[in-house]
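Okay, structure first, notes after.
Structural data, given as structure tokens:
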């Protein structure tokens, strides 16, 4: 049996399922001050009806790393940067303890200038004096030769014991040559490293206590895949923005999508908007931005806006608006739960939907009372206020979806599997999930003027997506046949190859190493899901003669779900 938990902005959803369908599901309020408490409450609800011995896997999607960055609760980082010639490392200063060091590796992986070890020792000492315990070590061409990064790590020392120093090396983040993105990715990986690992420790202890110590635990990544918790501990930056990925994978599990489509996940706080082309979700090909910083974190292309069930209604002049502020739960939830916000609180989208009759969530009478009081303050009928609020929410979602589609059509279209040359997106359907999905269906249909679907189990689609998402991985292989060397940065693998080594050899080796790496981690990966998605070979010429080939291969395990959920009408 598979468990899936999605820690969302308003609710934490959990499901237990197998190929026969959903065995149990639960929804609890997310405790933003203690996400572990939310996970434990969700697990307790599932285990009330599911035998722990039947569970084989838990996939977890959490906002932990994202929240730490947004709320500014990340750890101070020491960045030790070796840029070499051509780029001034100081132009990319990311934090207070940022040290540009001497040394240089060229694009072929040859050492041009050695590290100044005295300079490195002084930088490490400065960081430690400032209380820094996590370090990012990044060299511009470290993916061609990680000598300088490895040397700096040795000088920092091993990570042993609680509170030990942790080190992120740039070449282990992937093989792409983009120095600014590599710097930012290493920085954010360090910044969330300890908070994520502390959470992971607590989750593992909870699983032991609940009789789930035998369960394989995976964490969702932003790219629509999962990786083992042991790997997530090393690269927690990959778990950023995993919530939207869970919703996309949930719709894949619930619906057989073949057309260009818009996917809406309407939660309590936000609406996540994704686009499918030919039945495949799109990806941020170059990597996501975290704040103003571009990174190497591959992610599904999802746009979030501040429209959700708990978004507050406001009136500006004669215009009724919904969101982006969330000033508290709906009146229906407040009164139902007896919380302090029930008096004089701002009505929300859920309150408006209750008043229009689109749903009957919680205490409908409390929703109507709040809408009537708010309408009187603005000299408007409560029924008109409720109708216009729902229309305003649908309009805001529609406008954002059109802007996203316009942005996609202005650039090359990359799906999770391939580049679609010259493809323009023209949606024919809208799929809605999330708690308010059924209530918002008609308003969305009228605004988009497209066939609109709310799948069965849409309220826990994120948790379903989390539970069923497959393990994924990717790696990049490089070969320089003039030097007779092949290397895979992410695996720290380097070996000699003959001058006859060619592109076909490289594609074979890349796939074999990726599958072997997954096997070593205890992850089963079907070779049928492995693919080469980029392969190039360029001749190197000197004095008019070919001296060798420069080869690059990128491969991946395709994102997808383990199986479609039974009983969903696919």
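Numbering (my numbering), first residue to last: -12 to 557. All residues carry an ideal CB built from backbone N, CA and C; glycine is no exception.
Hey, could you find the ends of the beta strand (DSSP E) residue 366 is sitting in?
As a first step, residue 366 is located in the chain shown; it is residue number 379 there, counting from the start. Residue 366 -> no beta strand (DSSP E), and no H or E assigned at all.
Would residue 214 and residue 460 qualify as a contact pair, given that the criterion is a beta-carbon distance under 9 Å?
As a working note, residue 214 is residue 227 in the chain shown. As a working note, residue 460 is residue 473 in the chain shown. For residue 214 and residue 460, yes; Cβs fall inside 9 Å.
Simplified DSSP state of residue 248, which is helix, strand or coil:
Counting from 1 along the chain shown, the entry for residue 248 is found at position 261. Residue 248: strand per DSSP, three-state reduction.
Supposed contact pair residue 477 and residue 538 - C-beta distance, whole angstroms, cut 8 Å
Your numbering for residue 538 matches position 551 in the chain shown. Your numbering for residue 477 matches position 490 in the chain shown. In fact, because the Cβ distance is near 17 Å, the residues do not count as touching under 8 Å.
Quick one: what's got a C-beta closer than 8 Å to residue 431's C-beta in the same chain, skipping five residues either side?
As a position in the chain shown, residue 431 is number 444, starting the count at 1. Cβ within range, chain order: 251, 381, 384, 385, 417, 419, 439.
State yes or no: is the C-beta of residue 234 within less than 9 Å of the C-beta of residue 284?
Within the chain shown, residue 234 is the residue found at index 247, counting from 1. Within the chain shown, residue 284 is the residue found at index 297, counting from 1. Against a cut-off of 9 Å, the Cβ pair of residue 284 and residue 234 comes out as no contact.
Do residue 193 and residue 26 have their C-beta atoms within less than 9 Å of each other?
Here residue 193 corresponds to residue number 206 of the chain shown, with the count starting at 1. Here residue 26 corresponds to residue number 39 of the chain shown, with the count starting at 1. Yes.
With a 10 Å radius around its C-beta and 16 neighbouring C-beta atoms as the bar for buried, classify residue 61 as buried or exposed.
The sequence position of residue 61 within the chain shown is 74, counting from 1. The residue in question, residue 61, is buried, as its Cβ has 16 or more Cβ neighbours within 10 Å.
Coarse secondary structure for residue 243, derived from DSSP in three states
What you label residue 243 is simply residue 256 of the chain shown in a count that begins at 1. Three-state DSSP puts residue 243 in coil, outside helix and strand.
According to DSSP, residue 536 sits in a beta bridge with which residue or residues?
Counting from one through the chain shown, the residue named residue 536 turns up at place 549. Partner(s): 526.
Shorter than 9 Å from the beta carbon of residue 384 to some beta carbon of chain B?
Absent from the structure: chain B. Only one protein chain is present.
What are the residues that DSSP puts in a beta bridge with residue 44?
As a first step, residue 44 must be located in the chain shown, where it is residue number 57. DSSP, once it has assigned bridges, lists -11, 203 as partnering residue 44.
Taking 9 Å as the threshold (C-beta atoms), are residue 9 and residue 447 in contact?
Here residue 447 is taken as the residue at index 460 of the chain shown, counted from 1. Here residue 9 is taken as the residue at index 22 of the chain shown, counted from 1. A contact, by the Cβ cut-off of 9 Å.
Could you give the distance in angstroms between the alpha-carbon of residue 272 and the alpha-carbon of residue 401?
Reading the chain shown from its first residue, position 285 is the one you call residue 272. Reading the chain shown from its first residue, position 414 is the one you call residue 401. Rounded to the nearest angstrom, the two C-alpha atoms are 6 Å apart.
So which of 302, 20, 351 has the shortest CA-CA distance to residue 367?
If you number the chain shown from 1, residue 367 lands on position 380. Selected option, being the one with the closest Cα: 302.
Classify residue 550: buried if its beta carbon has 16 or more other beta carbons within 10 angstroms, exposed otherwise.
In the chain shown, residue 550 corresponds to position 563, counting from 1. That one is exposed.
Below 8 Å on the Cβ atoms is my contact criterion, and I expect residue 153 with residue 121 to pass it. Report the Cβ-Cβ distance as a whole number of Å.
Residue 153 sits at position 166 when you count from the first residue of the chain shown. Residue 121 sits at position 134 when you count from the first residue of the chain shown. At roughly 5 Å, the Cβ-Cβ gap stays under 8 Å, so residue 153 and residue 121 are in contact.
Excluding the five sequence neighbours on either side, which residues of its own chain have a C-beta within less than 6 Å of the C-beta of residue 44, listed in chain order?
One-based indexing of the chain shown puts residue 44 at position 57. Within the same chain, residue 44 has close Cβ partners -11, 203.
Outcome for residue 275 when other beta-carbon atoms lying within 10 angstroms are tallied against a minimum of 16:
Taking the chain shown and counting its residues from 1, one reaches residue 275 at position 288. Buried, because 16 or more other Cβ atoms sit within 10 Å of the Cβ of residue 275.
Inspect the beta-carbon positions of residue 470 and residue 95 and report whether they are closer than 9 Å.
For the purposes of this step, residue 470 is taken as residue 483 along the chain shown, with counting starting at 1. For the purposes of this step, residue 95 is taken as residue 108 along the chain shown, with counting starting at 1. The answer is yes: Cβ separation under 9 Å.
Does DSSP put residue 132 in a helix, in a strand, or in coil?
In the chain shown, residue 132 corresponds to position 145, counting from 1. DSSP places residue 132 in coil when its eight states are reduced to three.
Pick out whichever of 91, 513, 388, 536 has its Cα sitting closest to the Cα of residue 491.
Translated into positions along the chain shown, residue 491 becomes position 504. Per the Cα distances, 536.
DSSP three-state call for residue 294: helix, strand or coil?
As a first step, residue 294 must be located in the chain shown, where it is residue number 307. Coil, per DSSP.
Taking 8 Å as the cut-off, does the region 216 to 230 touch the region 181 to 195 (at least 3 CB pairs, one atom from each stretch)?
yes
Please go through the region 14 to 41 and give each complete alpha helix (DSSP H) segment of 4 or more residues, from N-terminal end onward.
Restricting attention to alpha helix (DSSP H) runs no shorter than 4 residues, the region 14 to 41 encloses them at 22 to 34, ordered along the chain.
Contiguous beta strand (DSSP E) assignments of at least 3 residues, all confined to the region 147 to 187:
153 to 156
Go to residue 213, then tell me how far its beta strand (DSSP E) extends in each direction, as first and last residue.
Counted from its first residue, the chain shown places residue 213 at position 226. Residue 213 -> beta strand (DSSP E) spans 213 to 215.
Taking 9 Å as the threshold (C-beta atoms), are residue 300 and residue 339 in contact?
Taking the first residue of the chain shown as position 1, residue 339 is located at position 352. Taking the first residue of the chain shown as position 1, residue 300 is located at position 313. Yes. Within cutoff.
Helix, strand or coil for residue 574, going by three-state DSSP, please let me know.
No statement about residue 574 is possible, as the shown extent of the chain runs from -12 to 557 and does not include it.
Can you grab the Cα-Cα spacing for the pair residue 325 / residue 141, in whole Å?
Walking along the chain shown from the start, residue 325 turns up at place 338. Walking along the chain shown from the start, residue 141 turns up at place 154. Because the pLDDT of residue 325 is 42, which lies under 50, any placement of that residue in the model is unreliable, and the question is left without a value.
Are there 16 or more other CB atoms within 10 angstroms of the CB of residue 365, so buried, or fewer, so exposed?
Taking the first residue of the chain shown as 1, we reach residue 365 at position 378. Residue 365 should be labelled exposed.
Assumed close pair residue 88, residue 110 - CB separation to whole angstroms, cut-off 8 Å
Here the question's residue 88 lines up with position 101 in the chain shown. Here the question's residue 110 lines up with position 123 in the chain shown. With a Cβ gap of about 6 Å, residue 88 and residue 110 count as contacting.
9 Å Cβ cutoff met for residue 48 and residue 223
Reading the chain shown from its first residue, position 61 is the one you call residue 48. Reading the chain shown from its first residue, position 236 is the one you call residue 223. For residue 48 and residue 223, no; Cβs fall outside 9 Å.
Provide the residue(s) that pair with residue 453 in DSSP beta bridges, ordered along the chain.
Here residue 453 refers to the residue found at position 466 when the chain shown is read from its first residue. Residue 453 is not bridged by DSSP to any residue.
Is it the case that the Cβ atoms of residue 211 and residue 270 are separated by a distance below 9 Å?
Translated into the one-based positions of the chain shown, residue 211 becomes position 224. Translated into the one-based positions of the chain shown, residue 270 becomes position 283. Yes. Within cutoff.
Under 9 Å between C-beta atoms of residue 56 and residue 178
Numbered from 1 along the chain shown, position 69 holds the residue referred to as residue 56. Numbered from 1 along the chain shown, position 191 holds the residue referred to as residue 178. Yes; because the gap between Cβ atoms is below 9 Å, this pair is in contact.
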